[in-house]
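Counted the way my numbering counts, the sequence shown spans residues 2 to 106. Ideal Cβ placement from N, Cα and C applies to all residues, glycine included. All remarks here apply to the structure that follows.
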Amino acid sequence: MENNEQLEKVEEISSHGGKRPGSGRKAGTPNKMSATVKENVIAVFDGIGGVEHMKQWAIDNPNNFYNIYAKILPTQTEISGADGSALPIGIGITFVKPDDSSVSE
């Protein structure tokens, strides 16, 4: 508890004023440079023939195509309940005493 109070005091007297509510880029907002690069790549793709040209390239270069394809596949799938909540997961162990007839001699 004492460390939290000390941290709050340091932030109060900090020269930059600490983190302000609502400051910074909003979550999910793309970086300007990334957005520009993506737009340029799409323009080049369209300029060299689009999907038809890419199909021919994939036929001529299957190893390269499948390397790219593997990178864009989702790496993990999240499964949730109907209402979006987590599914309960449980492991149970039940010990059952065998019948006398199932014991071999």
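- According to the DSSP assignment, residue 48 belongs to the alpha helix (DSSP H) that extends over 33-48.
- For the pair residue 46 and residue 54, the Cα-to-Cα distance works out to about 9 Å.
- For residue 96, no alpha helix (DSSP H) encloses it, and the DSSP letter there is neither H nor E.
- Secondary structure at residue 79: coil, using DSSP grouped into helix, strand and coil.
- The three-state reading of DSSP puts residue 28 in coil, since its state is none of H, G, I, E or B.
- Relative to the Cα of residue 79, the nearest Cα in the group 87, 96 and 72 belongs to 87.
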